[in-house]
Structures are given as structure tokens and as C-alpha cells.
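In case it helps, my numbering puts the sequence shown at residues 27 to 144.
Don't be surprised by glycine CBs; every beta carbon is placed ideally from N, CA and C.
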Amino acid sequence: MNTQVSDKLMTGDYPNRGPVVFAVTTGTLVLATVFVAARLTCRIFIVRQVTWDDYFILLAWALAFGLSFAIDFGTSVGLGLHDADITAQDWGPLRRAEYTFTVLYVRHTLNPAYEHFA
């Protein structure tokens with residue numbers, strides 16, 4: 027094992043990955059929002075025809091927004107920290123945020139399967 031890593035493990039000096047998680051999640055949501063807005067702008071103002079797949083894109087974006095919001099909220103209450111570094115009053119909100127983004131992630135990833143069987 028790397029001595030630098032083993033020294034950190036022995037001293038309990040764990041890095042806070044919350045800011046990185048927040049930045050990646052927010053950046054991905056912003057990028058997705060730009061592309062969804064561009065597509066809908068083209069469909070509404072240029073093609074002048076909105077079809078069923080555009081509504082599914084909006085549904086998927088709404089689920090992605092909820093997922094991203096739950097993850098970003100989780101980073102404000104301890105997501106990305108080592109368990110020992112999370113304060114006692116943050117455990118409840120952190121668990122609720124984890125539950126929320128887990129449910130939204132499963133629903134978001136299984137979304138095509140739900141439409142296929144419906």
C-alpha cells in the first residue's frame with residue numbers, strides 16, 4: 027500500500043469529496059438542460075411539431091433534475107465525507123437524501139423498461 031495513503035488512513039485524515047460530487051452533478055445537469063432546451067426550441071419554433079418523444083424527454087429531464095437536486099442537497103449534509111466526519115444532526119437529512127436519489131436513480135434507469143411493459 028502506498029505510504030501516503032496508509033498515513034492518511036492511520037491519522038483519519040480523509041478527503042472531502044463533496045465539492046467534486048457537487049460540481050460534477052451540477053455540471054452534468056447544466057449540460058443536459060442546454061441540450062434539452064435546444065431540442066425543444068428547435069421542435070417548437072423551427073419544426074413546429076412536438077411529438078410524444080419530446081414529452082418523454084421532459085419527463086426524463088425532470089427525473090434527472092430531482093436526482094441531481096437530491097445529490098447536491100446530500101453534499102451539503104455530508105455526502106462525500108467519511109462517516110466519522112459527519113455530524114450527528116446531519117445523519118437524518120443525509121439518509122433521506124440518499125434514499126431519495128436512490129429511488130430516483132432506479133426509476134430513471136428503469137424508465138424505458140416501465141414504458142415497454144406498460
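- DSSP, reduced to helix, strand and coil, places residue 97 within a helical segment of the structure shown.
- In the DSSP annotation of this structure, the continuous segment of the alpha helix (DSSP H) that includes residue 62 starts and ends at 44-67.
- Restricting attention to 91, 46, 132, the CA atom closest to the CA of residue 58 is found in 91.
- DSSP places residue 121 in the helix class (H, G or I) of the three-state scheme.
- Contact annotation, residue 106 with residue 47: C-beta distance approximately 5 angstroms; criterion of less than 8 angstroms satisfied.
- Here the stretch 92-100 makes no contact with the stretch 63-79; the two share fewer than three CB pairs at distances below 8 angstroms.
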